[in-house]
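Trainee: Pasting a structure below so you can have a look.
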């Protein structure tokens, strides 16, 4: 499909890529050449397209980067993908990380398909998270909002159910706060619980035919319930997901993890930067890594702002808050050090 030719001139080199299939070239350029313009802005080398040939001019290292990018994009198209600006940006981001995984392999890993829509990882971090779920019994997916922690876990749960690897799916999250105090809310118990479990229902509707969900829930094949309902149970042959785990206490986290039965898998998701517990209460998600670090078959998957798959601004907001928190922590540390120094200096003076 592609071939390259090299000819050097001074410090700059020319690399040529021939694309024999016109349909691939059309997709590679994008509507109104939007993909080509994005690639041109991204690369350090100059890019020129004429007919079925792409000419790249620049330093050898820059040309090598450009050649690899075009190779990945062409493979995506050959695997049936329609290139989008978002897919190109994610491919570039993965190449910049210089990892062994190929972007074309990451972006075409299908987890679940329904009515023409396919759920798959969109970043390298998400791909590694999905792989960890396949390879471990207990996985913690920790990261900011928008990184697909719960959504991908639920897709893997539905996939496992359809493959008959498990008999049921159990989705749970702390209702309201760690104490799960529902009494002050209006309505019946179900009406009180529903707003906190609604995101899980919404994700299920993306992955299963809506008409089958009530039947599966009535049969107990799918259960969506507050964390308090897990107490005292042993869950065998199940895929269990604990969402919003940052709002569990250490005691609740222990209670949940010890529900694990034979043939079961647990995925715990949460964002340690968005803890809603009452002041002074320790988050079970913050301490569980220290407790379980090194335990075999338990994996901690860290997702970051680079794995955010929502609007571009979400990643920038996450980074901005992280910088702010770091600055606040630094200021607090400096103030504490000054206070200690002042007390030490004051202790050296004679009181009158």
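In the numbering used here, the protein residues as written are 1 to 352.
Don't be surprised by glycine CBs; every beta carbon is placed ideally from N, CA and C.
Source: prediction; values computed, not measured.
Looking at the strands, I want to know which residues DSSP matches up with residue 316.
Mentor: Taking the first residue of the chain shown as position 1, residue 316 is located at position 316. In DSSP, residue 316 forms no bridge with anything.
Trainee: Based on Cα-Cα distance, which residue from 328, 70, 226 and 125 lies nearest to residue 99?
Mentor: In the chain shown, residue 99 corresponds to position 99, counting from 1. The residue with the shortest Cα to Cα distance from residue 99 is 125.
Trainee: Measure from the alpha carbon of residue 260 to the alpha carbon of each residue in 333, 216, 230 and 295, then state which is nearest.
Mentor: Numbered from its first residue, the chain shown carries residue 260 at position 260. Checked all of 333, 216, 230 and 295; the closest Cα to residue 260 is 230.
Trainee: Decide if residue 324 is buried, meaning its Cβ has at least 16 other Cβ atoms within 10 Å, or exposed.
Mentor: Along the chain shown, one-based indexing puts residue 324 at 324. That one is exposed.
Trainee: Just curious, the alpha helix (DSSP H) that residue 223 is in, first and last residue?
Mentor: Within the chain shown, residue 223 is the residue found at index 223, counting from 1. No alpha helix (DSSP H) holds residue 223; the beta strand (DSSP E) holding it covers 222-226.
Trainee: Whole angstroms are fine: how far does the CA of residue 31 sit from the CA of residue 376?
Mentor: Residue 376 is absent from the model: the chain starts at 1 and stops at 352.
Trainee: Are the CB atoms of residue 83 and residue 35 nearer to each other than 8 Å?
Mentor: Translated into positions along the chain shown, residue 83 becomes position 83. Translated into positions along the chain shown, residue 35 becomes position 35. At the C-beta level, residue 83 and residue 35 come within 8 Å of one another.
Trainee: Which residues in the same chain as residue 302 place their Cβ atom closer than 7 Å to its Cβ, once the five residues preceding and following it in sequence are excluded?
Mentor: As a position in the chain shown, residue 302 is number 302, starting the count at 1. When the five nearest sequence neighbours on each side are left out, the beta carbons in the same chain lying within less than 7 Å of the beta carbon of residue 302 are those of 142 and 143, in order along the chain.
Trainee: Is the stretch 15-22 in contact with the stretch 53-68, if contact means three or more CB pairs nearer than 8 Å?
Mentor: yes
Trainee: Which of helix, strand or coil does DSSP assign to residue 262?
Mentor: As a position in the chain shown, residue 262 is number 262, starting the count at 1. If DSSP states are grouped into helix, strand and coil, residue 262 belongs with coil.
Trainee: Can you tell me where the beta strand (DSSP E) with residue 120 in it begins and where it stops?
Mentor: Translated into positions along the chain shown, residue 120 becomes position 120. Segment: none, residue 120 is in no beta strand (DSSP E) and carries neither H nor E.
Trainee: Can the beta-carbon of residue 169 be found less than 8 Å from the beta-carbon of residue 153?
Mentor: Translated into the one-based positions of the chain shown, residue 169 becomes position 169. Translated into the one-based positions of the chain shown, residue 153 becomes position 153. No, Cβ-Cβ distance for residue 169 and residue 153 is not below 8 Å.
Trainee: Return the first residue and the last residue of the alpha helix (DSSP H) that residue 304 is part of.
Mentor: Position 304 of the chain shown, counting from 1, holds the residue named residue 304. No alpha helix (DSSP H) holds residue 304; DSSP gives it neither H nor E.
Trainee: Please report the residue range of the alpha helix (DSSP H) in which residue 219 lies.
Mentor: Along the chain shown, one-based indexing puts residue 219 at 219. That residue, residue 219, is in no alpha helix (DSSP H); it is neither H nor E in DSSP.
Trainee: State the DSSP-derived secondary structure class of residue 125, mapped to helix, strand or coil.
Mentor: For the purposes of this step, residue 125 is identified with residue 125 of the chain shown, where counting begins at 1. Residue 125 falls in the helix class under three-state DSSP.
Trainee: Would you call residue 27 buried or exposed, if buried means 16 or more other Cβ atoms sit within 10 Å of its Cβ?
Mentor: Along the chain shown, read from residue 1 onward, the residue named residue 27 stands at position 27. It is buried - the Cβ of residue 27 has at least 16 other Cβ atoms within 10 Å.
Trainee: Check whether the stretch 284-304 and the stretch 160-174 are in contact - that is, three or more C-beta pairs closer than 8 Å.
Mentor: no
Trainee: Pair every Cβ in the stretch 237-257 with every Cβ in the stretch 270-286, then say whether three or more of these pairs are closer than 8 Å.
Mentor: yes
Trainee: Give me the DSSP bridge partner(s) of residue 18.
Mentor: Locating residue 18 in the chain shown gives position 18, counting from the first residue. Note: residue 18 sits in a beta bridge opposite 53.
Trainee: Closest by CA to residue 266, which one among 42, 33 and 171?
Mentor: Translated into positions along the chain shown, residue 266 becomes position 266. Ranking 42, 33 and 171 by Cα distance to residue 266 puts 171 first.
Trainee: Per DSSP, what kind of secondary structure is residue 44 in: helix, strand or coil?
Mentor: Translated into positions along the chain shown, residue 44 becomes position 44. Note: residue 44 maps to coil in three-state DSSP.
Trainee: Would you kindly check if the distance between the Cβ of residue 238 and the Cβ of residue 203 is under 8 Å?
Mentor: The residue you call residue 203 lines up with position 203 of the chain shown. The residue you call residue 238 lines up with position 238 of the chain shown. Between residue 203 and residue 238, the C-beta spacing is not below 8 Å.
Trainee: Sort out for me which residues DSSP pairs residue 161 with in a bridge.
Mentor: Locating residue 161 in the chain shown gives position 161, counting from the first residue. DSSP lists no partner for residue 161.
Trainee: Only counting the same chain, and skipping five residues up and downstream in sequence, which positions put a Cβ closer than 7 Å to that of residue 45?
Mentor: Locating residue 45 in the chain shown gives position 45, where the first residue counts as 1. Hits under 7 Å: 56, 57, 58, 62, 63 and 66.
Trainee: Taking 7 Å as the limit between beta carbons, can you name the residues of its chain near residue 132, skipping five residues before and five after?
Mentor: Position 132 of the chain shown holds residue 132. Close CB contacts of residue 132 within its chain, under the 7 Å cut and outside five residues either way in sequence, are with 139, 299 and 301 (chain order).
Trainee: Let me check understanding here. Comparing Cα to Cα, which of 106, 220 and 148 lies closest to residue 91?
Mentor: For the purposes of this step, residue 91 is identified with residue 91 of the chain shown, where counting begins at 1. Of the candidates 106, 220 and 148, the one whose C-alpha sits nearest the C-alpha of residue 91 is 106.
Trainee: Taking its Cβ as the centre, do 16 or more other Cβ atoms sit within 10 Å of residue 219, making it buried, or is it exposed?
Mentor: Taking the chain shown and counting its residues from 1, one reaches residue 219 at position 219. Per the 10 Å Cβ criterion, exposed.
Trainee: In whole angstroms, what is the alpha-carbon distance linking residue 9 and residue 145?
Mentor: The residue given as residue 9 occupies position 9 in the chain shown. The residue given as residue 145 occupies position 145 in the chain shown. Summary for residue 9: the model assigns pLDDT 47, below 50, so the residue's position carries little reliability; its value from the coordinates is reported in the next sentence. Rounded to whole angstroms, residue 9 to residue 145 spans 49 Å at the Cα level.
Trainee: Mapping DSSP to helix, strand and coil, what is residue 175?
Mentor: Numbered from 1 along the chain shown, position 175 holds the residue referred to as residue 175. The answer is coil: DSSP assigns residue 175 none of H, G, I, E or B.
Trainee: Could you check the C-alpha separation between residue 86 and residue 37 for me, to the nearest Å?
Mentor: Here the question's residue 86 lines up with position 86 in the chain shown. Here the question's residue 37 lines up with position 37 in the chain shown. Between the alpha carbons of residue 86 and residue 37 lies a gap of roughly 13 Å.
Trainee: Given this structure, state the Cα-to-Cα distance separating residue 71 from residue 227, to the nearest angstrom.
Mentor: As a working mapping, residue 71 is identified with position 71 in the chain shown. As a working mapping, residue 227 is identified with position 227 in the chain shown. So the alpha carbons of these two residues sit roughly 47 Å apart.
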